[in-house]
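Residue numbers (this note's numbering): 1111 to 1225.
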């Protein structure tokens, strides 16, 4: 599919098909790949598409995402404590407020936080 996407980009042949393939490939080819190399076990020519997917993900990641992931990796204990605190807070909020209030907060967070 990746080769067909590249061909359609080069030829500008069918923009609608290109868009559809890009959208499908993002999820089916990149987002759901475990990148563990197990595909090479079943492949008759031992192609490890996981390495390709890792490179594609690296190219797609933003500087913010890279910086955040490095910060979390270097401060894992603190990040784990912060996540635990956030989940406890969310649990408390859920038990003391309405579902519509939580939905409003969630919608606001989705609009404000970077993707």
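Note that beta-carbon positions come from the ideal geometry of N, C-alpha and C, so glycine has one too.
Identify the continuous alpha helix (DSSP H) that holds residue i and give its terminal residues.
i	result
residue 1136	Residue 1136 -> no alpha helix (DSSP H), and no H or E assigned at all.
residue 1159	1159-1170
residue 1149	1149-1152
Can you name, in chain order, every residue of its own chain whose Cβ lies under 7 angstroms from the Cβ of residue i, other than the five neighbours on each side?
i	result
residue 1224	1174
In the structure shown, what three-state DSSP assignment does residue i receive?
i	result
residue 1144	coil
residue 1125	helix
residue 1182	helix
By Cβ distance, which residues of its chain are closer than 8 angstroms to residue i, with the 5 residues on each side in sequence left out?
i	result
residue 1131	1111, 1114, 1115 and 1118
With a threshold of 6 angstroms on Cβ separation, who are the neighbours of residue i within its own chain once the five nearest residues in sequence on each side are excluded?
i	result
residue 1164	1145
Exercise for the section: Tell me, please, whether the region 1159-1177 touches the region 1137-1151 by the rule of three or more beta-carbon pairs shorter than 8 angstroms. Expected result: yes
Problem - Cβ contact check for the region 1111-1120 and the region 1129-1136: 3 or more pairs under 8 angstroms - result: yes
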